[in-house]
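Residue numbers (full-length UniProt numbering), protein chains in the order written: chain C, 1 to 544; chain R, 1 to 376.
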């Protein structure tokens, strides 16, 4: 380091970074694996010059000084290369001599990460481990009058409905008169949520689709996966597996040219069409696929030039209002598939969610409403959006459900909830809590990445670079050097594993509550929470 | 777990038949309460099948309020059966002033109304009286309906029956339903006592309804004032029955398809698959999941019994032409109809609805996999 090194206002030391690399010289075999694997080049091989002094203790003796060099690991302090704490270095180190350690105080990097006037954008996590869903307990366990069911032996039918359900009188009238009955799908209540096409690597996508196909075809679990914005590979569109897929159309309409062209050749209908109006973690932002990920394949499927960032507008710009947008888009999507495919909107949880819901109740075509809470992960969201925008999912779903109850339509528009389901690993408990608060089913994306592909992110701001295509595990990258790390077969196997695990756990929750053949949607008498205000707000029991 | 007993007979019977049957099953109920429902009445009520009968419990002042209210509306008493009880009730039975069973003459203004309108108004009237009673705690109104009587009280069934001297000649019916209570999930309240009654439909249940809250919320939002009360999780079974038969126009065969729809693979194979699938979807909120045995009585004077999907509660039907009984234990059946052909006793399984029609000649078994009769 030169003695006259320029210390500018944004000069950072290793100590100022959120993660410090601990490297042990004694154990290091200098194999170079860690620097090769580091996705952000936070570490480099370094040549260190070290002065040594030999001081003779005899008065007449002569002392000497000299220089030596040794090789090692150097951590960069340039904000662009700051360590993200992913820990890939320790994963590949043969001698366990390197690992990132979290700084013991708030980092200074946060003040300098906006170089060029661009605030930080990060993928995935709010960096807040608190979860209301984790605090909810299931308290109505039938012990005497109704012995608890045996989760392992009893008959279970864990299914939910996606699609507009007519009230019974109306349904019978349509049946007698041969009227049009809105399409309804019986699906598993845990849906793999929308993760944009192009955001996920080809291997991740293939793995998820294979896992879903196996769950459906071999295990008989009607699991569904949403494509997210960006289209769908042409082969999948023309295959019989399309029925397990929910196609998403968002305000950028990316990939829809391809989808529309494929309609005449589709062997089966898609499960449903999701119209995205908002994302939980960045309400008011459209999606953004950054240029790093727009390679030739993605550009072709999305119908755009290569290597450009692809922002979607925050709302569907051709529509005047949400009423118009919802009505027109739902209807045109219905028409595209001959009124055989359910179409529903996805919105960010917000205090105006009720307005959308009320509007949907009067639209005979609306098949459901997906509400995405503030914990919903998303790639490429500004820090300020991730940290400060959005509405918690539990209260929003509860409000919407109770509103439907007041209207007498709680059976008719299924509400799906997402955002923070399984945030801390408690997937089944979180899903069950949302269902009992009134959701017909839940969607999850982050948990899937973590469980099926070993995403390294955490609520401690670890990794969080899903947006820039450098995902160290190759989950959210279009760079073959990175996504080759991910084996689709293994992803598929993990998808099946965690679904089966979820299925067991959800039975373990439902069975003691005495439910096995119908989902306990709105069974709020079973819920308790240890905070009076939360209990009042959600209209559930207060228990301590 | 409560005990249930229901009997349908060509000859009018005393409610004691049912109370005695409950008494032999007393190991299964804790003597904390009893409810009786009588219809197709004999005795003096035989002559006044169309007159609405009010049954309930009143204080002295409550009775005066009732009289004033009913007189004001133009209702004239046609016949009354006032049960005056000894001053000291037996242990466990609360002290009451008057148990009232009173038949009315409709007011003249009601003559213009159709039968349906009259009956709908009776529901409204009963709920108004119930509300008045809850306000001042001086009246408890169980039913106001032609040819139907309800008696409910806290305490051991046999003690209550002796206390009320139910073995009187004026009180006889061809259909009797009785429930002996064993604990309750909610506060002990006479309105929480089975059987429940709404517009000619009555049911009683043995078990726990774990889907109570969503079903209650659903029914309450149907916009019919009769769907109210819900002091008990079992009251919704009566209302679902009412909804299925009255609003949806199904026969009793449809009831089971609403509360316990077939599993998907059975549904596919059913001759009415399309209809039943639509029904399963649109009536999803009314699916019951808890272990329940439901015994009920319909407007045409048939009795039926259904089981929940898992069939975790017992129930048996047996009898001889002219008299059939439904019981939650065989010993209850033995006590009431000892001379029946026991080989013909039938215990409905999870797909069955056992029905004894108004002719009381046989037990008809309707399996859920059978074709449905045409919708009317």
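Every residue gets a Cβ at the ideal spot worked out from N, C-alpha and C, and that includes glycine.
Taking three-plus beta-carbon pairs below 8 Å as touching, is the segment 399-411 of chain C in contact with the segment 486-497 of chain C? The segment 399-411 of chain C and the segment 486-497 of chain C do not touch, with fewer than 3 CB-CB distances between them shorter than 8 Å.
#### Entry: Extent of the continuous alpha helix (DSSP H) to which residue 211 (chain C) belongs
Boundaries of the alpha helix (DSSP H) around residue 211 (chain C): 202-217.
task: Hey, could you find the ends of the alpha helix (DSSP H) residue 160 (chain R) is sitting in?
output: Annotation: the continuous alpha helix (DSSP H) that includes residue 160 (chain R) extends over 157-164.
Notebook entry, point to check: Cβ atoms of residue 460 (chain C) and residue 15 (chain C): under 8 Å apart, would you say?
Noted result: Contact flag unset, no.
- Item | Touching by the beta-carbon criterion (3+ pairs, under 8 Å), the segment 275-284 of chain C and the segment 366-373 of chain C | Contact holds: three or more Cβ-Cβ distances are below 8 Å.
### Within chain C, the residues that residue 221 (chain R) reaches when beta carbons sit closer than 9 Å
The contacting residues are 404, 405, 406, 407, 408, 409 and 410.
* Selected residue, minimal CA-CA separation from residue 369 (chain R), among R:30, R:350 and R:317 -> Checking every option, the nearest Cα to that of residue 369 (chain R) belongs to R:350.
Using a threshold of 8 Å, state whether the C-beta atoms of residue 472 (chain C) and residue 486 (chain C) are closer than that.
-> In this structure, residue 486 (chain C) does not lie closer than 8 Å to residue 472 (chain C) by Cβ.
Self-check item: Rounded straight-line distance, which links the Cα of residue 58 (chain R) to that of residue 377 (chain R)
Solution: No answer is possible for residue 377 (chain R): the residues shown for chain R start at 1 and end at 376.
Item checked: Test: residue 40 (chain C) CB closer than 8 Å to a CB of chain R -> Contact of residue 40 (chain C) with chain R is not assigned, every C-beta pair being separated by 8 Å or more.
Practice problem: Tell me, please, whether the CB atom of residue 310 (chain R) is closer than 8 Å to any CB atom in chain A? | Solution: Looking for chain A here will not work: the only protein chains present are C and R.
task: Please list the partners that residue 319 (chain R) has in chain C, where partner means a Cβ-to-Cβ separation under 9 Å.
output: In chain C, no part has a C-beta under 9 Å from the C-beta of residue 319 (chain R); the shortest such distance is about 29 Å.
Which same chain residues end up closer than 8 Å to residue 340 (chain C) when comparing Cβ atoms and leaving out the 5 residues on each side of it in sequence? If we look at residue 340 (chain C) and ignore the five residues flanking it on each side, its Cβ neighbours are 183 and 269.
task = Could you tell me if residue 510 (chain C) is buried or exposed, where buried requires 16 or more neighbouring beta carbons within 10 angstroms of its beta carbon?
result = Buried, because 16 or more other Cβ atoms sit within 10 Å of the Cβ of residue 510 (chain C).
Q) Alpha carbon to alpha carbon, how far is residue 144 (chain R) from residue 61 (chain R)? A) If you draw a straight line from the Cα of residue 144 (chain R) to the Cα of residue 61 (chain R), it comes to about 20 Å.
Beta-carbon within less than 6 Å of residue 474 (chain C)'s beta-carbon, same chain only, minus the 5 sequence neighbours each way: which residues are those?
Around residue 474 (chain C): 201, 482, 483, 485 and 486.
Suppose the cutoff is 6 Å on Cβ atoms and the five residues either side in sequence are ignored; what does the same chain contact list for residue 337 (chain C) look like? Counting only Cβ-Cβ distances below 6 Å, and skipping sequence neighbours, we find 269.
In chain order, which alpha helix (DSSP H) runs of at least 4 residues are fully inside the segment 117-179 of chain R? Listed in chain order, they are 157-164.
Backbone secondary structure at residue 375 (chain R) - three-state DSSP: If DSSP states are grouped into helix, strand and coil, residue 375 (chain R) belongs with coil.
- Members of the segment 522-541 of chain C that neighbour chain R once the beta carbon cut-off is set at 7 Å: Flagged, chain order: 522, 523, 524 and 525.
Notebook entry, point to check: What in chain R is Cβ-close to residue 184 (chain C), meaning under 7 Å?
Noted result: Result: 281.
Using only CA atoms, which one of R:92, R:131 and R:175 lies nearest to residue 46 (chain R)?
Checked all of R:92, R:131 and R:175; the closest Cα to residue 46 (chain R) is R:175.
Nearest by alpha-carbon distance to residue 295 (chain C): which of C:524, C:419, C:209 and C:478 is it?
Looking at the Cα atoms, C:478 is the closest of the given residues.
>> With the cut-off set at 8 Å, would you say residue 312 (chain R) and residue 326 (chain R) are in Cβ contact?
In response: No.
Below 8 Å between beta carbons: does that hold for residue 140 (chain R) and residue 56 (chain R)?
Cβ atoms of residue 140 (chain R) and residue 56 (chain R): closer than 8 Å.
- Query: By Cβ distance below 6 Å, which residues in the same chain neighbour residue 41 (chain R) in space, the five residues on each side in sequence not counted?
  - Reply: Once the five neighbours on either side are set aside, the close Cβ partners of residue 41 (chain R) are 147 and 173.
- What does DSSP give as the partner residues of residue 6 (chain R) in its beta bridges? Paired residues: R:177 and R:326.
*Between residue 376 (chain C) and residue 418 (chain C), which are expected to be in contact by the criterion C-beta below 8 Å, what is the C-beta distance as a whole number of angstroms?*
Indeed they touch by this definition, with Cβ atoms about 5 Å apart.
Partner residues on chain C for residue 461 (chain R), Cβ-Cβ distance less than 7 Å = What the structure shows of chain R is the stretch from 1 to 376, and residue 461 (chain R) is not part of that stretch, so it cannot be assessed.
Residues in its own chain within less than 7 Å of residue 299 (chain R) by CB, not counting five upstream and five downstream? The beta carbon of residue 299 (chain R) sits closer than 7 Å to those of 200 and 201, all from its chain and outside the five residues before and after it, given in chain order.
Using C-beta distances below 8 Å, list every residue in its chain close to residue 332 (chain R), excluding the 5 sequence neighbours before and after it, in chain order. So the qualifying residues of the chain are 3, 5, 21, 22, 24, 25 and 325.
- prompt: Which full runs of the alpha helix (DSSP H) of 4+ residues lie inside the segment 358-395 of chain C, going along the chain?
  reply: Fully enclosed alpha helix (DSSP H) runs of 4 or longer: 383-388.
**Message:** Short of 6 Å in beta carbon distance, which residues of its chain neighbour residue 450 (chain C), apart from the five on each side in sequence? Order them along the chain.
**Reply:** Excluding sequence neighbours, residue 450 (chain C) sits near nothing in its chain.
Q: Quick one: list the residues of chain R neighbouring residue 190 (chain C), beta-carbon separation under 9 Å, in chain order.
A: Within 9 Å Cβ-Cβ: nothing; residue 190 (chain C) doesn't reach chain R, min ~18 Å.
Check: Going along the chain, which unbroken runs of the beta strand (DSSP E) with 3 or more residues stay wholly within the segment 72-136 of chain C?
Finding: Annotation note: the segment 72-136 of chain C contains the following uninterrupted beta strand (DSSP E) runs of length 3 or greater, listed N- to C-terminal: 98-102.
Distance between residue 103 (chain R) and residue 66 (chain R) (C-alpha atoms, nearest Å): Taking the straight line joining both Cα atoms gives about 13 Å.
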